[in-house]
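Okay, so here's the structure we're looking at.
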Amino acid sequence: MKELLEYEELERKRYEINLKHLSNGVKFIDLKAAYIDERVIIGKGTIVYPGVILEGTTQIGEACIIGQNSRIVNSEVGDSSEIQSSVILESKVGNNTSVGPFAYLRPGSRLGDHVKVGDFVEVKNSSIGNGSKASHLTYVGDSDIGEDVNLGCGVVFVNYDGKNKHRSVVKDGSFVGCNVNIVSPVVVEEGAYIAAGTTVTHDVPKGALCVGRAKEKNIEGWVARRGLISKKK
4 MKELLEYEEL ERKRYEINLK HLSNGVKFID LKAAYIDERV IIGKGTIVYP GVILEGTTQI
64 GEACIIGQNS RIVNSEVGDS SEIQSSVILE SKVGNNTSVG PFAYLRPGSR LGDHVKVGDF
124 VEVKNSSIGN GSKASHLTYV GDSDIGEDVN LGCGVVFVNY DGKNKHRSVV KDGSFVGCNV
184 NIVSPVVVEE GAYIAAGTTV THDVPKGALC VGRAKEKNIE GWVARRGLIS KKK
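See the structure below:
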């Protein structure tokens, strides 16, 4: 009985917190399905979806969308930004920025304005400048990404050598193709292009194209000679 009374008291306090935000212009899809700490600040016009958890000293700007099942802890989100089904821990998100779905911002991450961090992107202790995007399936660790940079699908910043963490820099206007490994520490200068499938181990000059692939080779008839073609019955 004691546990039930304690639970009812917690639920009452949680509901009162949500009512306070509602009276300040925050919109809830389901008022009873959001979990918000007392110290959290939410701007007017922000929409909070079911299953959202906002913890600690989190601050959410005005006119944001905090999508279902997102968890934000001790972080800042600017105005008019959208967080979809993602986790943000001790990080900062700028204005008009999109995160998720299923993105993970680990502590020390800083996203600028008009940034896109898409599905299954992980950012750790890194900065991403205004207008840059990592749309999907990318890991940015211990690195600084400039403005208007494109990180393609499958880009990995290889920041750990087994003993120490290293930091890389990708400067403004650069383009990093799909399935690129950036082995830190390296610097990619302004406006450089890195071809898909490249492993970068040295600095890339301004405006250069970096290609680090093995030369493609086709061995004709190899499959048949190995007997790997199944016979249809």
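If you want the working numbering, it's the position in the sequence shown, counting the first as 1, plus 3.
C-beta: ideal position from N, C-alpha, C; glycine also.
Of the candidates Ser78, Gly81, Asn77 and Ser101, the residue whose Cα lies closest to the Cα of Ser88 is Ser101.
Val189 places its beta carbon less than 7 Å from that of Ser171. Apart from sequence neighbours up to five positions away, the residues of its chain that approach Thr204 with a beta-carbon distance below 6 Å are Val186, ordered along the chain.
CA-CA distance, Cys213 to Gly194, rounds to 12 Å. DSSP places Glu19 in the helix class (H, G or I) of the three-state scheme.
The shortest C-alpha to C-alpha distance from Arg15 to any of Met4, Ile39, Phe31 and Gly28 is the one to Ile39.
Cβ neighbours of Tyr107 within its own chain (closer than 6 Å, five residues either side excluded): Val90 and Glu125. Counting along the chain, Val76 sits inside no alpha helix (DSSP H); it lies in the beta strand (DSSP E) bounded by residues Arg74 to Val76.
By the Cβ-count criterion, Gly103 is buried, with 16 or more other Cβ atoms from all chains shown falling within 10 Å of its own Cβ. When only Cα atoms are considered, Gly155 and Lys136 end up about 8 Å apart. With a 10 Å radius around the Cβ and a threshold of 16 neighbouring Cβ atoms, Ser73 comes out buried.
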